[in-house]
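Worksheet: the structure to be examined is printed underneath.
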């Protein structure tokens, strides 16, 4: 499990996160929602271990991540950041193999190669695995980066949980690949994985999330199951937009109609 305890974070005199305490359980897909500048990505960077200078505590399975060695953490915690940069003319399969770097010292072994091939196949990248990454479209690069992240934690650790964090992973993706991304992420929740994603599309989040977390101006507004926390009042408070909630005629989940 992942627990944050009274997390606050400042940049100069500006308070970005203000006393956020919450729990993300394994086996559940958690999605963070909020307007631009609400602290979503900063919060993810804190509990993923990318930011260290914050107040409060972050625990992975009751152990402070501040006490974990980065090289060990990388074996079971993977992060997909917004628009990851790569300027080297590597082949797609080489980029995916980068996800296995924490697991070997000099050269990948048969298991590393097998895992990368499995991920490439699952992400439907086989047809261009030997292409130069720099020649790909923005959406294709996003799919390759997702494959790299999945390869990093594809196998379950012998003890504890895996942690998968996605920061706005649907950028540049066509609608079919947006759903593919979220479906694959959803598969991980069946395998003792703590899964958290920062999202913008509230209706997509409702469709796939087990829990929604709403942030506004660095404060936690609500966290829970969509049916429990969603309301017109919450949406108005967080996003400053009028909305009506109806039942999705197919899934029965809430469906947000704006305006």
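In our numbering, the protein residues as written are 351 to 609.
Beta carbons are placed, not taken as given, at the ideal position from N, Cα and C, and that holds for glycine.
Just so you know, these numbers come straight off a predicted model, no measurement behind them.
Sequence-distant residues of the same chain with beta carbon closer than 6 Å to residue 461, five excluded per side: For the purposes of this step, residue 461 is taken as residue 111 along the chain shown, with counting starting at 1. None.
Under 8 Å, do residue 560 and residue 512 count as touching if we go by C-beta distance? As a working note, residue 560 is residue 210 in the chain shown. As a working note, residue 512 is residue 162 in the chain shown. No, the pair does not count as a contact, with Cβ atoms beyond the cut-off.
Tell me, to the nearest whole angstrom, how far the beta carbon of residue 548 is from that of residue 518; I am working on the premise that it is less than 8 Å. To locate residue 548, count along the chain shown from 1; it is residue 198. To locate residue 518, count along the chain shown from 1; it is residue 168. Yes, they are in contact, since the Cβ atoms of residue 548 and residue 518 sit about 5 Å apart, within 8 Å.
Could you give the C-beta distance for residue 505 and residue 441, rounded to a whole number, given that I count them as a contact under 8 Å? Indexing the chain shown from 1 puts residue 505 at position 155. Indexing the chain shown from 1 puts residue 441 at position 91. Between residue 441 and residue 505 the Cβ distance is about 23 Å, and since that is not below 8 Å, they are no contact.
Could you give the C-beta distance for residue 501 and residue 450, rounded to a whole number, given that I count them as a contact under 8 Å? For the purposes of this step, residue 501 is taken as residue 151 along the chain shown, with counting starting at 1. For the purposes of this step, residue 450 is taken as residue 100 along the chain shown, with counting starting at 1. Confirmed, Cβ separation roughly 6 Å.
For residue 375, I'd like the list of residues in its chain whose CB is within less than 6 Å of its CB, leaving aside the five on either flank, ordered along the chain. In the chain shown, counting from the first residue as 1, residue 375 sits at position 25. Excluding residues within five positions, the ones whose Cβ falls inside 6 Å are 351.
Three or more C-beta pairs under 8 Å: does that hold for the region 377-391 against the region 472-491? no
Three or more beta-carbon pairs under 8 Å between the region 521-541 and the region 488-503, yes or no? yes
Whole angstroms is fine: what's the gap from residue 588's alpha carbon to residue 366's? The residue you call residue 588 lines up with position 238 of the chain shown. The residue you call residue 366 lines up with position 16 of the chain shown. Rounded to whole angstroms, residue 588 to residue 366 spans 16 Å at the Cα level.
Please state whether the Cβ-Cβ distance between residue 544 and residue 382 is less than 8 Å. Locating residue 544 in the chain shown gives position 194, counting from the first residue. Locating residue 382 in the chain shown gives position 32, counting from the first residue. In this structure, residue 382 does not lie closer than 8 Å to residue 544 by Cβ.
Looking at C-alpha atoms only, which residue of 510, 465 and 497 is the closest neighbour of residue 409? Start at 1 with the first residue of the chain shown, and residue 409 comes out as number 59. The residue with the shortest Cα to Cα distance from residue 409 is 510.
Buried or exposed: where does residue 414 fall if 16 or more other Cβ atoms within 10 Å of its Cβ makes it buried? Within the chain shown, the letter at position 64 stands for residue 414. With fewer than 16 Cβ atoms within 10 Å of its Cβ, residue 414 is classed as exposed.
Residue 550 at chain B interface by Cβ criterion, 8 Å: The structure shown contains no chain B, having only a single protein chain.
Residues sharing a beta bridge with residue 548, DSSP: Sequence index remark: in the chain shown, residue 548 carries index 198 (1-based). According to DSSP, which records beta bridges pairwise, residue 548 is partnered with 382 and 517.
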